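Enquirer: So the protein sequences, as listed, match chains F and S.
Per my numbering, residue -3 is the first one in the first sequence, and the count goes up by one each step.
Per my numbering, residue -3 is the first one in the second sequence, and the count goes up by one each step.
Number of protein chains: 2
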Amino acid sequence: MTETFARGDSLASDARRLARPVVPSRGTRRGAGLGEVTWGPEGYWGSRQRVNAEATIAHCEAWMERLGWLENFDRVARGDVTIERAGWEFSDSELYKLLEGVAWELGREHDAELQARFDALVARIAAAQDDDGYLDTAFGHPGLPPRYSDMAMGHELYNVGHLLQAAVARLRTGHDDLLVEVARRAADHVCRVFGIGGQETLCGHPEIEVGLAEFGRATGERRYLDQAGLFLDRRGHGTLPVRPLLSAEYFQDDTPVRDATAFRGHAVRALYLASGAVDVAVDTGDDDLLAALTAQWEHTVSRRTYLTGGMGSRHQDEGFGDDWELPPDRAYCETCAGIGSTMLAWRLLLATGEVRYADLMERTLYNVVAVAPDATGTAFFYANPLQVRVPGGEFSGEGVNMRAEGGVRAPWFDVSCCPTNVTRMFASLHTYAAFVEGDEVSLVLYGAGELSFELESGRMRLRVETRYPDDGAITVTVVEAPSSPVTLRLRVPAWAEGSTGTTSEGVETLETGWWRPGAVREGDVVSLMVDTEPRLTWPDPRIDAMRGTVAVERGPLVLCVESTDLPDGVGIEDVRLDSGVLPLAEGDGAIATMRARVGVEERGALPFSRSADRAHAEERVLRVPLVPYHRWGERAPSQMRVMIPEVATSRRGA
Amino acid sequence: MTETFARGDSLASDARRLARPVVPSRGTRRGAGLGEVTWGPEGYWGSRQRVNAEATIAHCEAWMERLGWLENFDRVARGDVTIERAGWEFSDSELYKLLEGVAWELGREHDAELQARFDALVARIAAAQDDDGYLDTAFGHPGLPPRYSDMAMGHELYNVGHLLQAAVARLRTGHDDLLVEVARRAADHVCRVFGIGGQETLCGHPEIEVGLAEFGRATGERRYLDQAGLFLDRRGHGTLPVRPLLSAEYFQDDTPVRDATAFRGHAVRALYLASGAVDVAVDTGDDDLLAALTAQWEHTVSRRTYLTGGMGSRHQDEGFGDDWELPPDRAYCETCAGIGSTMLAWRLLLATGEVRYADLMERTLYNVVAVAPDATGTAFFYANPLQVRVPGGEFSGEGVNMRAEGGVRAPWFDVSCCPTNVTRMFASLHTYAAFVEGDEVSLVLYGAGELSFELESGRMRLRVETRYPDDGAITVTVVEAPSSPVTLRLRVPAWAEGSTGTTSEGVETLETGWWRPGAVREGDVVSLMVDTEPRLTWPDPRIDAMRGTVAVERGPLVLCVESTDLPDGVGIEDVRLDSGVLPLAEGDGAIATMRARVGVEERGALPFSRSADRAHAEERVLRVPLVPYHRWGERAPSQMRVMIPEVATSRRGA
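This is the structure:
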C-alpha cells in the first residue's frame, strides 16, 4: 500500500489543455490532454467528434426532457409525491453521462450557449439533492421506495458513480462549480453510509468504484479511493440477493475481484468493475490485484471476445457467455460494453505500456463503438451482433426502441444507456490518441491532426497526415522538438504484419508492436505504412458457432456482407466465400468472390438429413461487395453477416 | 361453421376405459383410452409411467406444500390480507396440472390414498373460489392487485385453463365431482366477464383456449368452445401492453392466428395457443384455420426445430428464434415446449391422419420430454440444450433452481412448470400409443404391452412384443379380432428407411409412413423390423450454429458425447467425429471414431487468426462411447454435445 496520494492536475492553470479521463496518481505514463491533440474535422474520428458536438448532445438532452427523465429531478425538488416515475431506476445516470460529455466538450471549446444549458441542468440536479447529500430520483422521496432498499437493482450508487465522473470532467477542465459541489456532497454521503462502520453492502451495478477512484484523484482526497477499495473488497462474497436470471455471477458478486479468472456475468458491470479495480490497484500499488485483472483480461480476450472486440454474447443477462460461446447472430456486444472495454484497455495500457491493450482498444472503437451511431449522430445501435437474419424495421423520430436489439439504429431506447455513453466517449476520444512517458510520445490512434506536448525537455509538436483507416500511410512530421533527444513511438497494429517504416535513414520492415524510429529532431519526417489490403481471418476452431466460416478485415476494420449487395434471387443464407480467391480492395470495403447455391430444395421436414448437402438448382459464382461493419444497415434495413460460410478450397485442409 | 356440437364421451358407462385427453367432436379418428392400452412396467415408457405414479406426483405435491404454493389457497379462503404471497402468479396452475395428472392416474387405477389426497387438495381450491366463480390466489383478494389488472403477465386465465384441463380429466374418467363444479363455476365466470359484450381482452399466456375447448367437449356445452373462439379471434391485434423484452410477438399478439406463417415468440405460449386453435378449428369445421396451423407447423418444423424435436432457441424470452437460428449450446428447448409440441402434434395427427405429426411426436417424447426427469422421477431439466460446455453443479434435495438452465437436473424450480407438466403427460401417455378410425387401428408409439379396442365390427386385442427403442423388432399378435375384416397399421418412422415387414405372406421392404399389412384375423402375427444401427445425421447448411457438425442417431434416439467418456487430457472441445467410420452399436448407445487434437496452442490473444487451424501437439484417434441424449448428465456433471464437429473425410465433399 502506498503512503502518498498525489493530487490530480485539476485546477492547474493549464487545466483544460491537460484535461483527460483517467489520471493515475502513480505510474510514469499519462494520456494526452484535451488541448494536446486536435483531429481534423473530416477524418474518421474527427468527424464523429464534430457530429457528437453538433447533434448528439442536443439529441440526448431533448429525449430525456421529452420522456420526463429530467422532470424526475424537478418532482423530487418540489417534494411531490411520486406516483408514476418516468424511466428506469438508472435514468438519472443518463443525465450525468451527458453532462460528462458536455464537460469534456466545453473543455475543448468554450460555447456560451452550451455552458448555459449545462448550468441549467446542473441547477435542476442540485435542487433535487437532499440536505445530507443523498441524490436519487427513484428512491428515498415521497411515493418512492426507501433509500437503499434494493441494492441489487436499485442503481443508486451506480448513479452517483456517473455523477462523480461528470464532476471529474468538470474539475479537470478547470471548474470547481455547482456540479462538483453536488458531487462532493453525494460522495461524502456515500462514504458516511457505506464506509467503515456503515452498511456493509455494495451496488448491483459497479460504477461507484471507478467514479470514487477518479473523484479522489481529481480532488486529491484519498478517502474516496479508500471507499472505492472498500466496495471492491466487499464484492464477491454473495452479499447481494439473488433472483431468477440475476445470479451472483451477474453482479460479479460470486467471486472476489482478485480471485476471479475471467470477466463474467453482465458485461458492462464486469468491465466497469474492472476499470475501477485497475484504478485502485494502480493508485495503491497493489500489483497482485493488477496481475489478477490482466490475467482476467487475457482469458476474456482469448476466449470470450468477438472479432470486432465486442464483448458479451448473451442477450438474456447482457452477459459474457462461457468460453468459446461466441454466436455471431446472438452476439449482444452492447455498445456500452465496448465503451467499458475501452475504458479498461486504456487504463491497462497506461499501467503497463503493453501494446496489446491499445490494439484491442482500436479494434473495439472501430468495430463496436463507431458502429452504434449513424452518420447524423441521432440514431444508435445498442447491441452489435455479427449477423442479422431478419432485416430491421424502421424507427421514426417518434419511436423509442423497447428492445435493445434490432437491425436498424433507433433514436432512443427504453433502456438508453448507449447514446449518452457514446457522447462522453467521443467528446474525450482524442485524449486516447497518444500517451506520454518522460521524453517519449507514443501514438496509439491514428488520425490527421496536430499533437503538442510539453515534455520534460521541452515542447514537441507533431503533424500527422493520414487517411487512415481508408489508407495505410501515416506520416508524422516533427514540427517542433526540444534540442535534447526525445523519442517517438508509433503503434504497428497486431494485424499489420509486414508494415514498413520510413525515416531519413531509409526503409525498414517492422515487427508489430511499438516502432521507435530513434530520437527525433525538429523537421524529421517518419512514415509508417501498414497494409490495408483485405485479408482473411479465421475463427478458433473451438468457437462452435463460427465453425466453417471466414471473415474479411481491412486495416483496423472488420468488413461484412449485406443483403443489399446481393443480386436478386440470392439470399444471404445461400452464399459462401471462396477463400481461394483473395478479396480485392474497393472503396473503403472489398469485393469478394462467393459461390451461391440457389434454388435449394425445401423439404418441409426437419432441417436434418442423412446427407450432408441439400439439393439445389444452380451454383453461381458472384463478386460481392463487402462494406465496413461500422457502416452496416445505413443504406437500408438488411441482412448482414461478418462471419461468412467458407467454400473449402485448396487453401484449407481438413 | 357447424350447426351441431357433439357431446364428448364423458360420463359414459365405460368412461375410464375410453378416457383420454383430446376428444374432437368432429372427425373420424380417436385416440386410445386409458383402459385400452397397457404398457409393461419395465419398458421404456411403462417404467416412466410407473415412476411418475410412484414418485413424481408425491414429489410435486410436497414441494408445492413446502413452498407455500398450496397455502396461497388457504390464505385466500381465510380472507387474510396477503403481504407476501409465495410463488409466481402462475403457481396455482402447477396444482391444477398436478391434479390433471392425478386424475388420469386415478382413471388408470383406483388408489384410495391418492383419491383422498386429491379430494383434500380440491377442497382447498374450492374454499378459495369467490361466489361469482373467480378463482386466483394472486389477484382480486385483500392485499393483492385487482382482478384482471395485468392481463399480459397476470396469468389468471392461464390458471383457469389448466383448472379446466384437470376437470376434463376428471369428467372423462367418470367423475362429476367438486373439482368439476369449481371448474364449471370458473369457466362460467370467464364467459361472463370476457364473453360478447364483456371485456374485449385476452390472457398473455394462452391456455384458456385449449382448456375451454376441451371443457366444452367434456361437458357438451358449446358456449365454452365459443368463448375459446372469441379469445382466439381477439389475439394478434396488439391488445396486450408491450414492455421491454415482452413484445407483441412474445404473446402471439402481433398477428392473428389465421394470418401467421410460423410459430413465434414464447414457445410454450405459441404451442398451447396452436393446440387450442386446432381444437376450435376441428370442432367448428374451420378448414382454413386448420390449414393455416398446419402451414405454421410445417414452417416451424423445417426451420425452427432441433434434431431432438426441441423448440425454442432463445433463453431471453423462452422463445422461437428466427429461421435457422438453432444454436446447440443456447438451445432452450424447454421441457414444457416439448409437451406443448406433443399436444399439438397429437391434435394434428387426429385431425389429418398424417404420419409426420406422429414422427415429430415420437422424436420429441424420446429426446425432449423423456430427457427432463431423472430415473427417480424427482429431479428435472427445464431447458434441454444440445450442448453444455460447463458441467453443472449440484442441486441437493433442499435446492430450488433459480434458473431454468444448468447441467444437472434439479428437484424444483423457482418457475416450476415442467415437473407437473411431465406428470400429466406421463399419466396419460399410453393413450397416444394408437388411434382408431372405423375398423382400423394405427399404432403410433411402440412399447411392449396389450391393446384392446371395441371397433365397429367388434373387439380387437393386440399383444405387442418389443424392446424398442433398444431393438428394432416389433411383433404384434392379434389375440382377438372380429370375424369381419379389420385392419391394422404400424408406423414406419421417417428415419427408418429400409425397414422390413413380416406377415404370414412373407417379408417385404417398407416405405416409411403407415404400413398396412392387410386385413388381420385372430392369431395373425405381424412383425416390423426397423434398423436401429447408429446412423449419421447432418444439419441443413443454413443452420449456421451447426455448420461443420454431424450427429449420431439410433432408432428414435438422438445420441450425444459426454466428457465423462473421454480419456484424461482430452477436452470435449478437442474432438471431431470421423464421419468416414460409421459408429457401431454398443449397449443402448454407440461407439464412434473420433480424432482429438490435444495440446492446442494457447496464444492469449483474440481467438481469430490469419490461418484456419491452430497449432497442436498431437492428433489422437479415439473410440468414444456415445450415450442416448435422454440419459445425459445422469452419471456425473459433464460437458455434453449432440452436434459433433466433423472431420471432413472421403464421405463428404466441399
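All C-beta atoms, glycine included, are put in the ideal place defined by N, C-alpha and C.
All values derive from a computational prediction rather than experimental measurement.
(1) If we count Cβ pairs, one from each stretch, closer than 8 Å, do we get three or more for the region 538 to 547 of chain F versus the region 533 to 547 of chain S?
(2) Using a Cβ-Cβ distance cut-off of 8 Å, determine whether H311(S) contacts chain F.
(3) What are the boundary residues of the alpha helix (DSSP H) that includes V118(S)?
(4) Skipping 5 residues on each side, what residues in its chain have a beta carbon closer than 7 Å to that of V99(F)?
(5) Rank E109(S), D279(S), E96(S), C329(S) by C-alpha distance to the C-alpha of P381(S) and give the top, closest one.
(6) Please classify E(-1)(F): is it buried, with 16 or more other beta-carbons within 10 angstroms of its beta-carbon, or exposed?
(7) Specify, as a first and last residue, the run of the beta strand (DSSP E) that A492(F) falls within.
(8) So what's F86(S) in DSSP terms, helix, strand or just coil?
(9) Report the three-state DSSP secondary structure of G551(F) (helix, strand or coil).
(10) Counting only C-beta atoms, is P641(F) closer than 8 Å to chain S at any point?
(11) How many angstroms separate the CA atom of E461(S) from the CA atom of I192(S)?
(12) Quick one: residues in its chain with C-beta nearer than 8 Å to the C-beta of G232(F), no 5 flanking neighbours on either side, listed in chain order?
(13) For the beta strand (DSSP E) that T471(F) lies in, which residues bound it at each end?
(14) Along chain F, which residues have their Cβ under 7 Å away from the Cβ of T651(S)?
(15) Answer with buried or exposed for D435(S), where buried requires no fewer than 16 other C-beta atoms within 10 angstroms of its C-beta.
(16) Give me the Cα-Cα distance between E630(S) and G583(S), rounded to the nearest whole angstrom.
(17) Rounded to the nearest angstrom, how far is the Cβ of E196(F) from that of R230(F), given a contact under 8 Å?
(18) Among A581(F), A124(F), A108(F), which one has its Cα closest to the Cα of D88(F)?
(19) Should H651(F) be labelled buried (16 or more other beta-carbon atoms within 10 Å of its own) or exposed?
(20) My output table needs one value for F431(F): the three-state DSSP class, helix, strand or coil.
(21) Using 8 Å as the Cβ pair cut-off and three pairs as the minimum, do the region 550 to 561 of chain F and the region 597 to 614 of chain F touch?
(22) Under 8 Å between the Cβ atoms of F431(S) and G27(S)?
(23) Would I663(F) be called buried (16 or more neighbouring beta carbons within 10 Å of its own) or exposed?
(24) Give the straight-line distance between the Cα atoms of A277(F) and E350(F), rounded to the nearest whole angstrom.
(25) Within 8 Å (strictly less), CB to CB, does T533(S) reach chain F?
(26) Along the region 533 to 547 of chain F, where does the CB come closer than 9 Å to a CB of chain S? Name the residues.
(27) Does any CB atom of chain S fall closer than 8 Å to the CB of E294(F)?
(28) Checking 8 Å against the spacing of the C-beta atoms, do L131(F) and S424(F) come in under that value?
(29) Using the Cβ count rule (16 or more neighbours within 10 Å means buried), how would you classify Q223(F)?
(30) For G334(F), collect the residues of the same chain with a Cβ closer than 6 Å to its Cβ; drop the 5 residues on either side in sequence, then sort them by chain order.
(31) Quick one: what's F604(S) bridged to in DSSP?
(32) DSSP has R457(S) in a bridge; who is on the other side?
(33) Using the beta-carbon count (16 or more within 10 Å), is H106(S) buried or exposed?
(34) Since D325(F) meets chain S, which of its residues come closer than 7 Å, beta carbon to beta carbon?
(35) Have a look at E90(S) and N417(S) and give me their C-alpha separation to the nearest angstrom.
(36) Quick check: is the beta carbon of S605(F) nearer than 8 Å to any beta carbon in chain S?
Expert: Put simply:
(1) Cβ pair count under 8 Å is three or more, so yes.
(2) Chain F contact via Cβ: present.
(3) It spans 108 to 123 - the alpha helix (DSSP H) in which V118(S) sits, taken as one unbroken run.
(4) The amino acid occupying residue 99(F) in the given sequence is Ala; Val does not appear at that position. Cβ contact annotation for A99(F) (same chain, cutoff 7 Å, sequence separation greater than five): A162, A165, R166, T169, in chain order.
(5) Minimum Cα distance to P381(S) is reached at C329(S).
(6) Unreliable positioning characterises E(-1)(F) in this predicted model, as indicated by a pLDDT of 30, which lies under 50. The coordinate reading is nonetheless provided below. The residue is exposed, with fewer than 16 neighbouring Cβ atoms inside 10 Å.
(7) Premise fails: A492(F) is in no beta strand (DSSP E) and is neither H nor E.
(8) In the structure shown, F86(S) adopts coil according to DSSP, grouped into three states.
(9) In this structure, DSSP gives G551(F) a state outside helix and strand, which the three-state scheme calls coil.
(10) It does: the Cβ of P641(F) has a partner Cβ on chain S nearer than 8 Å.
(11) The straight-line gap from Cα to Cα measures roughly 53 Å.
(12) Q248, D249, D250, T251, P252, V253, D255, A256, listed in sequence order.
(13) Counted as a single uninterrupted DSSP element, the beta strand (DSSP E) harbouring T471(F) occupies residues 469 to 476.
(14) Because residue 651(S) is not part of the residues shown, which for chain S are -3 to 650, the question remains open.
(15) Buried.
(16) The C-alpha of G583(S) is placed about 16 Å away from the C-alpha of E630(S).
(17) Contact between E196(F) and R230(F) holds, with the beta-carbon distance rounding to 6 Å and staying under 8 Å.
(18) The candidate whose alpha carbon is nearest that of D88(F) is A124(F).
(19) The question about residue 651(F) has no answer, for chain F in this structure spans -3 to 650.
(20) Strand, per DSSP.
(21) The region 550 to 561 of chain F is not in contact with the region 597 to 614 of chain F.
(22) Judged by their CB atoms, F431(S) and G27(S) are nearer to each other than the 8 Å cut-off.
(23) No answer is possible for residue 663(F): the residues shown for chain F start at -3 and end at 650.
(24) Roughly 17 Å separates the two Cα atoms.
(25) It does; some Cβ of chain F falls within 8 Å.
(26) The residues in question are T533, W534, P535, D536, P537, R538, I539, D540, A541, M542, R543, G544, T545, V546, A547.
(27) Yes, E294(F) lies at the interface with chain S (some Cβ there is under 8 Å from its Cβ).
(28) Contact flag unset, no.
(29) Q223(F) counts as buried, since at least 16 other C-beta atoms from the protein chains shown sit within 10 angstroms of its C-beta.
(30) Excluding residues within five positions, the ones whose Cβ falls inside 6 Å are T360, V364, V365.
(31) Residue pairing by DSSP puts F604(S) in a beta bridge opposite P535(F).
(32) According to DSSP, R457(S) bridges with S448(S), E476(S).
(33) Its Cβ having fewer than 16 others within 10 Å, H106(S) is exposed.
(34) Under a criterion of Cβ atoms nearer than 7 Å, the residues of chain S adjacent to D325(F) are, in order, E321, D540.
(35) The straight-line gap from Cα to Cα measures roughly 8 Å.
(36) For S605(F), the answer is yes, since a Cβ of chain S falls inside 8 Å of its Cβ.
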